[in-house]
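**Q**
Protein chains in written order, with the UniProt record's numbering: chain A, 1 to 170; chain B, 1 to 237.
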């Protein structure tokens, strides 16, 4: 049934391609051709493992990011095997592994942040990323200081939950 | 009953409490087990938040997805889907062959050890005798190929010496639902491999095909018929 196949692919693409594309660009150091190959292979694998797509949206994202990251690592490994380059390249591989690990973690955390409500995300942006005090955040957001406190309290708990669902443990 | 500091934990780990509030809260932590536990639970989060560059949050993803991605995905998925149909068909055919194979053995037994026709591995459907490939008089005798991994395929090949190598005449059949492209691959004792030809198999029909290899027949140790999914027929000499 080619029509339903195309429809399924389009849905997968529309739902995840933008986020995955941005991740793949980072992963490949803005090599657009490489990024597109990785994104394509990742989405194909997702389509073949249809059960993955029945998970909640956030877990699908973190699965996709992980698969994309593994594709890049596997490419490095097989390139190394093919060219039989020795010790020097081993160091390079582990640095690629570290770098992509970091990248994966930061994107999964970002994904967890996107799952928060607008209020929760905003209060974390103010208090953590912009370094505002409770009093400053209260003025900027137009809510009492007690509300800023309780929002940070609930926002971090929601974030913790969402990270756990995405497989990040602290 | 509720602790007045119960909601301070978030602002505290994010570093947003004023100096006075922080001092009060820290004093309180020394006496309140519940708040201490709350802080411990959240303590790892600022480190994780620090992993995310702020611009990732503030600017939505601006880089557009390449327009070629979706068409490529659909094309690849269709290719994969075709392979999957073949695989399902081949497995179904294998099941048929297993059932039919049993009755063939029984039939052979009843005929008192009489050797069945070489092509007589029957299917549950009507057995069609393989059509004779029109060959030149000097064609070498045909050799029976073995089905690989219960593919249920049947085939014969003759390896005739010709100038510059070997002419392969092949006749094979598989029970599938789709026509599919197959390759004839020959291997030599010294590990060389060569594609001697390609053909499109039609499900349920004996399909003759001809290939050519650049090595003489005596050098060929293996002939294999396969698709991108894998081998279905093999002759080891």
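Where a beta carbon is used, it is the ideal one built from N, C-alpha and C, also for glycine. It should be emphasised that the depicted structure is a prediction, and the values quoted were computed from it without experimental measurement.
(1) So residue 60(A) and residue 52(B) are supposed to be a Cβ contact under 8 Å. How far apart are they, rounded?
(2) Give the straight-line distance between the Cα atoms of residue 38(A) and residue 163(A), rounded to the nearest whole angstrom.
(3) For a contact defined as C-beta to C-beta under 8 Å, what are the partners of residue 2(B) on chain A?
(4) For a contact meaning CB atoms closer than 8 Å, what does residue 106(A) contact in chain B?
(5) Since residue 148(A) and residue 38(B) are thought to touch, with beta carbons under 8 Å apart, how far apart are those beta carbons, to the nearest angstrom?
(6) Counting only Cβ pairs nearer than 7 Å, list the residues of chain B close to residue 47(A).
(7) Less than 9 Å between CB atoms is the rule here; does residue 153(B) satisfy it with respect to chain A?
(8) Classify residue 167(A) as helix, strand or coil using the three-state DSSP reduction.
(9) In angstroms with no decimal places, state the Cα-to-Cα distance between residue 129(A) and residue 75(B).
(10) Step through the CB atoms of chain B and report whether any lies within less than 9 Å of the CB of residue 132(A).
(11) For a test of the three-state rule: what should DSSP assign to residue 46(B), helix, strand or coil?
(12) Give me the subset of the stretch 64-75 of chain B whose CB atoms are less than 9 Å from a CB atom of chain A, sorted by chain position.
(13) Distance, Cα to Cα, residue 26(B) vs residue 16(A)?
(14) Using beta-carbon positions only, say whether residue 12(A) and residue 78(B) come within less than 9 Å of one another.
(15) Select from the UniProt domain "RNA polymerase sigma-70 region 2" (13-80) of chain A all residues with a C-beta closer than 8 Å to any C-beta belonging to chain B, and list them in chain order.
(16) Nearest by alpha-carbon distance to residue 158(B): which of 213(B), 20(B), 55(B), 191(B) is it?
(17) Can you name the start and end residues of the alpha helix (DSSP H) that residue 123(A) belongs to?
(18) Taking 6 Å as the limit between beta carbons, can you name the residues of its chain near residue 105(A), skipping five residues before and five after?
(19) Counting only Cβ pairs nearer than 7 Å, list the residues of chain A close to residue 244(B).
(20) Hey, would you say residue 162(B) sits closer than 9 Å to residue 226(B), going by beta carbons?
(21) So, is the C-beta of residue 2(A) closer than 9 Å to a C-beta in chain B?
(22) Are there 16 or more other CB atoms within 10 angstroms of the CB of residue 16(B), so buried, or fewer, so exposed?
(23) Can you confirm whether residue 211(B), when its beta carbon is compared against all beta carbons of chain A, has any partner nearer than 9 Å?
(24) Comparing alpha-carbon positions, which option in 19(B), 181(B), 45(B) lies nearest residue 168(A)?
(25) May I ask you to verify whether the stretch 27-42 of chain A touches the stretch 61-73 of chain A, counting CB pairs closer than 8 Å and requiring at least 3?
(26) Please report how far the alpha carbon of residue 200(B) lies from the alpha carbon of residue 18(A), in whole angstroms.
(27) Consult DSSP for residue 191(B) and reduce its assignment to one of helix, strand or coil.
(28) In whole angstroms, what is the alpha-carbon distance linking residue 14(B) and residue 8(A)?
(29) Chain A partners of residue 23(B), CB-CB under 9 Å?
(30) Chain B partners of residue 158(A), CB-CB under 9 Å?
(31) Could you name the residues of the same chain whose beta carbon sits closer than 6 Å to that of residue 231(B), not counting the 5 residues immediately before and after it, in chain order?
(32) Of all Cβ atoms in chain B, is any one closer than 9 Å to the Cβ of residue 99(A)?
(33) How long is the line joining the alpha carbons of residue 80(B) and residue 77(A), rounded to whole angstroms?
(34) Please confirm if residue 42(B) has its CB atom under 9 Å from at least one CB of chain A.
(35) Of the residues 217(B), 180(B), 175(B), which one's Cα is nearest the Cα of residue 205(B)?
(36) Can you tell me where the alpha helix (DSSP H) with residue 215(B) in it begins and where it stops?
**A** Taking the geometry as given:
(1) By a beta-carbon distance limit of 8 Å, residue 60(A) does not contact residue 52(B). Their separation comes to about 19 Å.
(2) C-alpha separation (whole angstroms): 25 Å.
(3) For residue 2(B), no chain A residue has a Cβ inside 8 Å of its Cβ, as the nearest lies near 12 Å away.
(4) The contacting residues are 51, 52, 53, 56.
(5) Cβ atoms of residue 148(A) and residue 38(B) stay farther apart than 8 Å, at about 17 Å.
(6) Here the neighbours are 77.
(7) Answer no: the Cβ-Cβ gap between residue 153(B) and chain A never drops below 9 Å.
(8) Reduced to three states, the DSSP call for residue 167(A) is coil.
(9) Near 43 Å, if we compare the C-alpha coordinates of residue 75(B) and residue 129(A).
(10) Taking CB atoms only, residue 132(A) has a neighbour in chain B less than 9 Å away.
(11) Three-state DSSP puts residue 46(B) in a helix.
(12) Residues passing the 9 Å Cβ filter: 64, 65, 66, 68, 69, 70, 72, 73, 74.
(13) For the pair residue 26(B) and residue 16(A), the Cα-to-Cα distance works out to about 44 Å.
(14) No, Cβ-Cβ distance for residue 12(A) and residue 78(B) is not below 9 Å.
(15) Answer in chain order: 13, 17, 18, 19, 21, 22, 25, 32, 36, 39, 40, 43, 44, 47, 48.
(16) Per the Cα distances, 213(B).
(17) Its alpha helix (DSSP H) spans residues 118-124.
(18) Same-chain partners within the cutoff: there are none.
(19) A query on residue 244(B) cannot be resolved here, the shown segment of chain B reaching from 1 to 237 and no further.
(20) Against a cut-off of 9 Å, the Cβ pair of residue 226(B) and residue 162(B) comes out as no contact.
(21) Legend: pLDDT at residue 2(A) = 45, less than 50; position of this residue unreliable, value from coordinates given subsequently. Yes, contact with chain B.
(22) With 16 or more other Cβ atoms within 10 Å, it is buried.
(23) Any Cβ of chain A closer than 9 Å to the Cβ of residue 211(B) would place that residue at the interface, and such an atom is absent.
(24) Closest by alpha carbon: 45(B).
(25) In short, these stretches touch, since the Cβ pair count reaches three.
(26) Using only the alpha carbons, I get a separation of about 40 Å.
(27) Looking at residue 191(B) - three-state DSSP - the assignment turns out to be coil, as it is neither helix nor strand.
(28) Residue 14(B) and residue 8(A) have their C-alpha atoms roughly 42 Å apart.
(29) Under the 9 Å cutoff, chain A gives no residues; its nearest Cβ is about 14 Å from residue 23(B).
(30) Here the premise fails: no neighbours, minimum Cβ distance about 11 Å.
(31) Around residue 231(B): 148, 224.
(32) Output row for residue 99(A): interface = no.
(33) Going from the Cα of residue 80(B) to the Cα of residue 77(A) covers about 25 Å.
(34) True, the Cβ-Cβ gap to chain A drops below 9 Å.
(35) Comparing Cα-Cα distances from residue 205(B) to each of 217(B), 180(B), 175(B), the minimum goes to 175(B).
(36) Following the DSSP letters along the chain, one finds residue 215(B) in no alpha helix (DSSP H), marked with neither H nor E.
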